[in-house]
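Quick notes on the structure that follows.
2 protein chains.
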Amino acid sequence: MFNKTLIIGLGLIGGSILQSIIDHRLVNHLYAVDFDKFVIQNAISEKLITSGDDDLLALAKTGVLKDCNCIIIAVPAFALKAIFAKIKTAIDDKLLPNDIIISDTASTKGNILKDAFDIFGRLPPNLVLAHPIAGAEKSGFMARDGNLFKASRLIICPHDFNDKQAVDKITTLWQAFGASVDFMPADKHDEVLALTSHLPHLLSYALTFQLAKDEESLNIFRYAGGGFRDFSRISASSPIMWHDIFLANKQAVLQGLENYQAILNQLKTDIENDNSEKLLQTFEIAKNAREHFGRLLVEKEKLKNGS
Amino acid sequence: MFNKTLIIGLGLIGGSILQSIIDHRLVNHLYAVDFDKFVIQNAISEKLITSGDDDLLALAKTGVLKDCNCIIIAVPAFALKAIFAKIKTAIDDKLLPNDIIISDTASTKGNILKDAFDIFGRLPPNLVLAHPIAGAEKSGFMARDGNLFKASRLIICPHDFNDKQAVDKITTLWQAFGASVDFMPADKHDEVLALTSHLPHLLSYALTFQLAKDEESLNIFRYAGGGFRDFSRISASSPIMWHDIFLANKQAVLQGLENYQAILNQLKTDIENDNSEKLLQTFEIAKNAREHFGRLLVEKEKLKNGS
Numbered sequence: 001m002f003n004k005t006l007i008i009g010l011g012l013i014g015g016s017i018l019q020s021i022i023d024h025r026l027v028n029h030l031y032a033v034d035f036d037k038f039v040i041q042n043a044i045s046e047k048l049i050t051s052g053d054d055d056l057l058a059l060a061k062t063g064v065l066k067d068c069n070c071i072i073i074a075v076p077a078f079a080l081k082a083i084f085a086k087i088k089t090a091i092d093d094k095l096l097p098n099d100i101i102i103s104d105t106a107s108t109k110g111n112i113l114k115d116a117f118d119i120f121g122r123l124p125p126n127l128v129l130a131h132p133i134a135g136a137e138k139s140g141f142m143a144r145d146g147n148l149f150k151a152s153r154l155i156i157c158p159h160d161f162n163d164k165q166a167v168d169k170i171t172t173l174w175q176a177f178g179a180s181v182d183f184m185p186a187d188k189h190d191e192v193l194a195l196t197s198h199l200p201h202l203l204s205y206a207l208t209f210q211l212a213k214d215e216e217s218l219n220i221f222r223y224a225g226g227g228f229r230d231f232s233r234i235s236a237s238s239p240i241m242w243h244d245i246f247l248a249n250k251q252a253v254l255q256g257l258e259n260y261q262a263i264l265n266q267l268k269t270d271i272e273n274d275n276s277e278k279l280l281q282t283f284e285i286a287k288n289a290r291e292h293f294g295r296l297l298v299e300k301e302k303l304k305n306g307s
Numbered sequence: 001m002f003n004k005t006l007i008i009g010l011g012l013i014g015g016s017i018l019q020s021i022i023d024h025r026l027v028n029h030l031y032a033v034d035f036d037k038f039v040i041q042n043a044i045s046e047k048l049i050t051s052g053d054d055d056l057l058a059l060a061k062t063g064v065l066k067d068c069n070c071i072i073i074a075v076p077a078f079a080l081k082a083i084f085a086k087i088k089t090a091i092d093d094k095l096l097p098n099d100i101i102i103s104d105t106a107s108t109k110g111n112i113l114k115d116a117f118d119i120f121g122r123l124p125p126n127l128v129l130a131h132p133i134a135g136a137e138k139s140g141f142m143a144r145d146g147n148l149f150k151a152s153r154l155i156i157c158p159h160d161f162n163d164k165q166a167v168d169k170i171t172t173l174w175q176a177f178g179a180s181v182d183f184m185p186a187d188k189h190d191e192v193l194a195l196t197s198h199l200p201h202l203l204s205y206a207l208t209f210q211l212a213k214d215e216e217s218l219n220i221f222r223y224a225g226g227g228f229r230d231f232s233r234i235s236a237s238s239p240i241m242w243h244d245i246f247l248a249n250k251q252a253v254l255q256g257l258e259n260y261q262a263i264l265n266q267l268k269t270d271i272e273n274d275n276s277e278k279l280l281q282t283f284e285i286a287k288n289a290r291e292h293f294g295r296l297l298v299e300k301e302k303l304k305n306g307s
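Chains Z and U, in that order, give the protein sequences.
Residue numbering for the first sequence follows the UniProt record's numbering, beginning at 1 and increasing consecutively.
Residue numbering for the second sequence follows the UniProt record's numbering, beginning at 1 and increasing consecutively.
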């Protein structure tokens, strides 16, 4: 698909993109940048990449990226702006081609568009925002999986000044990984993710925090069962990463939270007033929706296992 | 331990109690009542019980329970009052001994004390309220497991008029199943369970409901990942059962919910004001508490596997 591709960030997602590209033989020469030198050395010695560095500009200065076709940035959202700045410097210095396709994997998009505008002074036509809905229990380069994106969803958020060819190429790349690609505007993406991912994390953090500060303190956890176990699993997620996400997607998270609070208030009133009919109705709708979601998960599992 | 014991309700919990008693040879003669005749027939034909019926009074009228030592009621909280009434009738008619030990497994306790007082006109000294913190993915008699309570927690809520011997016997019974027994007053139990079990269910129902009524309706679930999967699993629980629990434990659930809403409001303000320090602090406390809980789960698993 591309002659040369650079991946920035070799964590679970970046590493799995690298592995997927290799497994499907989609690129001739792969390059990587990661702040962890050991990961880069490892990727070179395993012959996964042609070369790499812990600094983008240092790698660019060797000249190997002068004809690079595509950069995929797989770092947390808050770290993208600094990378955009380095890419701009490299382009200005003719160390990267002016028309290079730039894509990302961040889980918030409105702020990325803003960052890009701030750095480039416009929305670059070859900047294609992408977000793979995929993850795994483990993290880091060693946990990479060339099948991670198989049967998963990939959201692309085209912007108003996007070059159609660039969008098509990134679409084809992810489809080659086995992902199913959907398109939606950045603001819609941020709303959807606020509800399906960011809000559950916030709500889970809040309840675990409530139990932790109970007068009986940590004792109370002795009486928690399987329901709490699953509900609270995500409150063991990285505080720094989620702090970043909540602030990066502030507007949509606050809007989702406000709507959620209204539902909680209604449930509270219904319990106070013994409104059985209303409570049962609400729980039925939720149960049906969760069962629908459960069926989607089963279908996805089947697709992933190739049946 | 007992010569004769009657179990009322042969679902997952009642069935697992039956199996635990049999596996540990704790009782000479077992009897059972369940509204499902097929389950009773099945238990008789498998020689698990001496006899049984779908109606307590019908069974009592055969005279086999005249010298029964213990009744364990394993039915949902809302169904206990009607069973207490039948037990009182049977005692009044000398079909059950006056000093029979009566225990339960319900997940709310304040309301059970009230029901008992309403029916018996006092808190019977031999009524020992017990709540096993245990469950499984599957439900029903066929899913029974003689190891379900091994390494699990069992809460006993002694009341002011309790006979110490009766409490000791129920304690010994559960310890023989492998459970670790704790004691706390009924109101404390209801508070603890509101936080560790009831509130997570309510919060999960609320978010799944919010997604289900989104304008894009069920489409939005296509973009949900593993975090939402775990968070929302319990919103597929039985609406009727949980409706009953929320109303049975109304006061403690509403109090827990109010405290939770205050935490959500604080988080909302912290996000609005980019209060990074405060957000990180809250998430760190939650993460540490969840990791503490995770270690408890690992210890429990080890105990269960006998290592």
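In this text, a Cβ means the ideal position worked out from N, Cα and C, and glycines have one as well.
Computed from a prediction, not measured in an experiment: that's the story for all the values here.
What runs of the beta strand (DSSP E), each 3 residues or longer, lie entirely inside the region 4–55 of chain Z?
Qualifying beta strand (DSSP E) stretches, in chain order: 27–33 and 51–53.
In or out: Ala82 of chain U buried (at least 16 other Cβ within 10 Å) or exposed?
The residue in question, Ala82 of chain U, is exposed, as its Cβ has fewer than 16 Cβ neighbours within 10 Å.
Comparing the C-beta of Phe221 of chain U with each C-beta of chain B, is any distance below 8 Å?
Looking for chain B here will not work: the only protein chains present are Z and U.
Closer than 6 Å by C-beta to Ile21 of chain U: which residues in its own chain qualify, once you throw out the five before and the five after it? Chain order, please.
Val27
Taking buried to mean at least 16 other C-beta atoms within 10 Å of its own C-beta, is Asp274 of chain Z buried or exposed?
Looking at its Cβ environment, which holds fewer than 16 other Cβ atoms inside 10 Å, Asp274 of chain Z is exposed.
How would you list, in chain order, the residues of chain Z whose beta-carbon sits under 8 Å from the beta-carbon of Asn259 of chain U?
Gln210
Does the beta carbon of Asp36 of chain U come closer than 8 Å to any beta carbon on chain Z?
no
The alpha helix (DSSP H) with Ala134 of chain U in it runs from where to where?
Segment: none, Ala134 of chain U is in no alpha helix (DSSP H) and carries neither H nor E.
Pick helix, strand or coil for Ser197 of chain Z, following the three-state DSSP scheme.
Helix, per DSSP.
Does the region 181–195 of chain Z come close enough to the region 259–267 of chain U to have 3 or more Cβ pairs within less than 8 Å?
no
With 16 as the cutoff for other CB atoms within 10 Å, does residue 319 of chain Z come out buried or exposed?
Only positions 1 to 307 of chain Z appear in this structure, which leaves residue 319 of chain Z out of reach.
Compare the C-alpha of Ile245 of chain Z against each of U:Asp214, U:Asn259 and U:Ile271 and name the closest.
Per the C-alpha coordinates, the member of U:Asp214, U:Asn259 and U:Ile271 positioned closest to Ile245 of chain Z is U:Ile271.
Under a CB-based cut-off of 8 Å, is Glu272 of chain Z close to chain U?
yes
Just to confirm my understanding: we take Pro125 of chain U, look at its own chain, exclude 5 residues before and 5 after, and list those with CB closer than 7 Å. What are they?
Phe161, Asn162, Asp163 and Ala166
Looking at Val128 of chain Z and Ser103 of chain Z, is the spacing between their C-beta atoms short of 8 Å?
Yes; because the gap between Cβ atoms is below 8 Å, this pair is in contact.
Quick check on Ser107 of chain Z: buried or exposed, where buried means 16 or more other Cβ atoms within 10 Å of its Cβ?
buried
Using DSSP's beta-bridge definition, name the partner residues of Ser180 of chain Z.
Z:Arg153
Would you say His189 of chain U and Leu280 of chain Z are within 8 Å of each other, going by their C-beta atoms?
no
Could you name the residues of chain U that Glu301 of chain Z contacts, counting a contact when the two beta carbons are closer than 7 Å?
Going along chain U, no residue has its Cβ under 7 Å from Glu301 of chain Z, so there is no contact; the nearest lies around 11 Å.
Go through the region 47–130 of chain Z residue by residue and report every complete run of the beta strand (DSSP E) that reaches 3 residues or more, in order.
51–53, 70–73 and 101–104
Mind checking which residues open and close the alpha helix (DSSP H) that includes Leu257 of chain U?
Lys250 to Glu272
Does the distance from the CB of Leu6 of chain U to the CB of Leu65 of chain U come in under 8 Å?
yes
Should the region 28–43 of chain U be called in touch with the region 281–296 of chain Z, which here means at least 3 C-beta pairs below 8 Å?
Output reads no: the region 281–296 of chain Z does not touch the region 28–43 of chain U.
Whose C-alpha, out of U:Thr89, U:His131 and U:Asp115, is nearest the C-alpha of Ile72 of chain U?
U:His131
Mapping DSSP to helix, strand and coil, what is Phe161 of chain U?
coil
Check the C-beta distance from Lys88 of chain Z over to Leu56 of chain Z and give it rounded, since I have them as a contact under 8 Å.
Actually they are not in contact, since the Cβ atoms of Lys88 of chain Z and Leu56 of chain Z sit about 11 Å apart, beyond 8 Å.
Let me check understanding here. Comparing Cα to Cα, which of U:Gly306, U:Asp36, U:Asp99 and U:Leu297 lies closest to Leu123 of chain U?
When U:Gly306, U:Asp36, U:Asp99 and U:Leu297 are compared, the shortest CA-CA separation from Leu123 of chain U is found for U:Asp99.
With a 10 Å radius around its C-beta and 16 neighbouring C-beta atoms as the bar for buried, classify Thr62 of chain Z as buried or exposed.
exposed
Could you tell me whether the Cβ of Val192 of chain Z comes closer than 8 Å to any Cβ of chain U?
yes
So which residues on chain U does Lys304 of chain Z lean against when the C-beta distance must stay under 9 Å?
Going along chain U, no residue has its Cβ under 9 Å from Lys304 of chain Z, so there is no contact; the nearest lies around 13 Å.
In chain U, which residues lie less than 7 Å from Ala206 of chain Z when you measure between Cβ atoms?
Tyr260, Ile263, Leu264 and Leu267
Here's a check: name, in chain order, each residue in its chain whose Cβ is nearer than 7 Å to the Cβ of Thr50 of chain Z, leaving out the five neighbours to either side.
His29, Leu30 and Tyr31
So, is the C-beta of Gly227 of chain U closer than 8 Å to a C-beta in chain Z?
It does; some Cβ of chain Z falls within 8 Å.
Leu80 of chain U and Ile112 of chain U: beta carbons closer than 8 Å?
The Cβ atoms of Leu80 of chain U and Ile112 of chain U sit closer than 8 Å to each other.
Inspect the beta-carbon positions of Pro200 of chain U and Gly294 of chain Z and report whether they are closer than 8 Å.
Not a contact, by the Cβ cut-off of 8 Å.
Is the number of C-beta pairs between the region 254–262 of chain Z and the region 224–240 of chain Z that are closer than 8 Å three or more?
no
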